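Chains as they are written, first to last, in our numbering: chain A, 300 to 503; chain B, 300 to 503; chain C, 300 to 503; chain D, 300 to 503.
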């Protein structure tokens, strides 16, 4: 790709890291019809994601929230986070564990894939990312679509199987199997991922 | 294009309008080396833009802020607006006149063109826009790049000549002439633009 | 989307049709390691595709070959067709039934999805397509990826289940089920698709 | 960007080169209303381009024809070349000097910019290009649009001023000045470009 040395980004992405952690649709009210099914599986994975995010931050691995903006084109991401923390929002207990930090990046996506009609690709280029760690919801929809698009762009993929959740365990397992087989994704559990500069490309 | 009837956008864009007003890089600290040259021309155009925006809002024409995020990948647009209003920020007097309203849309762009690596195209599709009114800075750079990309996507263009500014009047005039000749842009002054549903495609 | 009336395409796509038939990777030597598995399922579907293509042509529905260029960046599509017809090319019997006609369109894709880094989207826009009929190989890879991307762009999808094939029947059936459930694809058999101007959007 | 080591392109681009020569719209019938104005300036530049292309080939620098497909979505590039060589096609004497070789690449573009709705970006990525040498027609339209898009993607640009032509010398000179000033393009004459692996990024 083009030389980053002389490159000017209208906005800065000062971090450089071969690994990047993408948290997909985790800031999620889960107030849609079948949201409670997703929530049941999302809650345990949120705890794993929180631990993984903490380790990523300590290892200098950038974290990008790649999130739907659920009807909120005109408001900002912080307002969406605040909304999800209000009483009676089903997704609140998940969001509570995954609050964005000042240092985190975010990309609002209008559709399923984090790459479609967003700035994600250019952000990853400036971060010099080669391996994407994907976590979030739903494993068989937005995570899978994002993984497909990442694979076409030649990223190495790690999709920790304890950090993705779908409406049913069966659908989640099948999506993980597809990503492992067709996208060569490493689906080891999150605690076994080696993070940081000493990691080999796929964390193996 | 595809049928909007059954379409689901992960986020909503409830307005429909054949005309849309794009305000390009108006939330701008103008604290770069030659910013003062741009500011000299930007200030009078900001007054015209503010009047045009007021008329657009009254006519039901959506307003989209298409803006660099000047080193602020991780913060939000509101924080950028707030920063520009701080004392001693050169661009403050421009920003003061063009503060976003709750109803306005915004699209953060990483590079010159509003279409490159952003959600602008999909937002315009959902708004069912056919004519773009471009205003902002710099006329010979980000406005021109955005106009080029809009023309390739078959939008009708109105670029009111009193609502764009560049570092020099000569560069601005030349950019306007190029957009008129090569992109078939209507460059009438802003007060002569016919806004709203009764407008013909190019406001003529 | 933008007004086609004044639009100039650097190239012309004179047909207009709400339905378009996409033949995905059918011009395929199938000389890769597991190609014989795919070929076994591809052959019967090729006969169905040939019949569907004939009906599409009669009904004025444009046909687009969306095809990998298997190592052939520098040669043209016709040369690729010719190569596939040489003796001992496994995919020959499939290609023989699906030879492109002069009136057909083609789009060379560098990766799995027909939409990624190609001119497909702009061609469909000029054809004013709203419903895509997807057929070809492999059902669980390039057809599925293309279907995902089409769905994000709000196209109605018809994926006739007798006109897609994968290496295993199980993988093919699962891909069809996914497209039916998540992409709202109509997976009726090809003979039951209503083609042409009288067809309702999804051929129902 | 992503690791090329494990990358699979559905098609192969075996060459690797930091420099790439793009010939823009040189296979051109020039049979449009003002084509004769362009032709007058194009002919002398075609001779320079032919010499530059010869040197590029000798130095192992890949050549990509980036060309409109002028109403020929359904036919192939070779057929377009053949058409341009027919008697009475105004652009013939230009095309004659710039015939594609078997080793050359080509990308058909539907609009002005070589990057819009094409596979150019992914091809350049696989070639590992960092510096683009742009030549062709018209200097103030398709070459300029392609240069703008290349600059946004952080490529170093060389636009040899004797290898681009526009309908008027004035328009051509102004486009070159813009590319030099705003896109940091090196506009030295073609004979002074240092080609091949020993070249510094911008040929300086």
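Backbone N, C-alpha and C define an ideal beta-carbon position, used for all residues, glycine too.
This structure is a prediction, so every number in the text was calculated from the model and none was measured.
According to a CB-to-CB cut-off of less than 7 Å, which residues of the segment 412 to 426 of chain A neighbour chain C? Of all residues in the segment 412 to 426 of chain A, only 412 and 415 place a beta-carbon less than 7 Å from a beta-carbon of chain C.
May I ask you to verify whether the segment 403 to 422 of chain D touches the segment 435 to 454 of chain D, counting CB pairs closer than 8 Å and requiring at least 3? Because the criterion of three Cβ pairs below 8 Å is met, the segment 403 to 422 of chain D and the segment 435 to 454 of chain D touch.
Does chain D have any CB closer than 8 Å to the CB of residue 409 of chain C? True, the Cβ-Cβ gap to chain D drops below 8 Å.
Own chain residues within Cβ distance below 8 Å of residue 330 of chain C, not counting five before or after: Sequence-distant Cβ neighbours of residue 330 of chain C in its own chain, meaning closer than 8 Å and more than five residues away, are 388, 389 and 390.
Counting only beta-carbon atoms, is residue 375 of chain A nearer than 8 Å to chain B? For residue 375 of chain A, the nearest beta carbon of chain B is closer than 8 Å to its own beta carbon.
Since residue 431 of chain A sits in a beta bridge, which residues does DSSP pair it with? Under DSSP, residue 431 of chain A forms a beta bridge with A/319 and A/456.
Using the C-alpha atoms, what's the distance from residue 467 of chain D back to residue 479 of chain D? In this structure, the straight-line span from the alpha carbon of residue 479 of chain D to that of residue 467 of chain D is close to 19 Å.
Within 7 Å of chain A by C-beta, residues of the segment 429 to 457 of chain C in sequence order: Taking 7 Å as the cut-off between beta carbons, the residues of the segment 429 to 457 of chain C near chain A are 440, 444, 447 and 451, in sequence order.
Residue 462 of chain B beta carbon less than 8 Å from that of residue 344 of chain B: Cβ atoms of residue 344 of chain B and residue 462 of chain B: closer than 8 Å.
Extent of the continuous alpha helix (DSSP H) to which residue 366 of chain C belongs: Careful: residue 366 of chain C lies outside any alpha helix (DSSP H), inside the beta strand (DSSP E) at 362 to 367.
In whole angstroms, what separates the C-alpha of residue 393 of chain B from that of residue 464 of chain B? Each residue's Cα considered, the two are about 12 Å apart.
In terms of residues, what are the limits of the beta strand (DSSP E) holding residue 404 of chain A? Residues 404 to 408.
Anything in chain B within Cβ reach of residue 481 of chain D, meaning under 7 Å, just list it in chain order. Neighbours of residue 481 of chain D on chain B, chain order: 440.
Do residue 488 of chain C and residue 460 of chain C have their CB atoms nearer than 8 Å? In contact: residue 488 of chain C and residue 460 of chain C (Cβ atoms closer than 8 Å).
Compare the beta carbon distance of residue 361 of chain A and residue 380 of chain A with 8 Å and say whether it is the shorter of the two. Not closer than 8 Å, so no.
Indicate the three-state DSSP secondary structure (helix, strand or coil) for residue 436 of chain D in the structure shown. Three-state result, residue 436 of chain D: strand.
Between residue 325 of chain A and residue 346 of chain A, what straight-line distance do the alpha-carbon atoms span, to the nearest angstrom? Going by C-alpha positions, residue 325 of chain A is about 12 Å away from residue 346 of chain A.
Helix, strand or coil at residue 355 of chain B [DSSP, three-state]: Residue state, collapsed to three classes: helix.
Are the CB atoms of residue 433 of chain D and residue 321 of chain D nearer to each other than 8 Å? Judged by their CB atoms, residue 433 of chain D and residue 321 of chain D are nearer to each other than the 8 Å cut-off.
Is the shortest distance between the beta-carbon of residue 466 of chain B and the beta-carbons of chain A less than 8 Å? By the rule that beta-carbons nearer than 8 Å mark a contact, residue 466 of chain B does not touch chain A.
Tell me whether the beta-carbon of residue 419 of chain C lies closer than 8 Å to the beta-carbon of residue 365 of chain C. Yes. Within cutoff.
Hey, residue 355 of chain C and residue 494 of chain C: beta-carbon distance below 8 Å or not? Result yes, Cβ atoms of residue 355 of chain C and residue 494 of chain C sit closer than 8 Å.
Between the Cα of residue 342 of chain B and those of B/435, B/449 and B/485, spot the shortest distance and give me the residue it belongs to. For the residues B/435, B/449 and B/485, the minimum Cα distance to residue 342 of chain B belongs to B/435.
Is the beta carbon of residue 367 of chain D sitting closer than 8 Å to the one on residue 377 of chain C? Taking 8 Å as the cut-off, the beta carbon of residue 367 of chain D is found no closer than this to the beta carbon of residue 377 of chain C.
Could you tell me which residues DSSP pairs with residue 485 of chain B in its beta bridges? B/457.
Which whole-angstrom value is the C-beta distance of residue 363 of chain C and residue 422 of chain C, which I expect to be below 8 Å? With 8 Å as the limit, residue 363 of chain C and residue 422 of chain C qualify as a contact, their Cβ atoms being about 7 Å apart.
Rounded C-alpha distance that separates residue 450 of chain B from residue 491 of chain C: Approximately 41 Å between the Cα atoms of the pair.
Quick one: what's residue 463 of chain D bridged to in DSSP? Bridge partners of residue 463 of chain D: D/435.
Beta-carbon contacts of residue 338 of chain A that lie in its chain and below 6 Å, excluding the five residues immediately before and after: In its chain, beyond the 5 residues on either side, 329 and 389 have a beta carbon closer than 6 Å to the beta carbon of residue 338 of chain A.
Given this structure, state the Cα-to-Cα distance separating residue 340 of chain D from residue 382 of chain D, to the nearest angstrom. About 22 Å.
Excluding sequence positions up to five away, which residues of its chain have a Cβ less than 8 Å from the Cβ of residue 395 of chain B? These residues qualify, in order along the chain: 384.
Same chain, Cβ closer than 6 Å to residue 333 of chain A, five either side skipped, listed in chain order: The residues are 466.
Just checking: is the beta-carbon of residue 402 of chain B within a distance shorter than 8 Å of some beta-carbon in chain A? At least one chain A Cβ lies under 8 Å of residue 402 of chain B.
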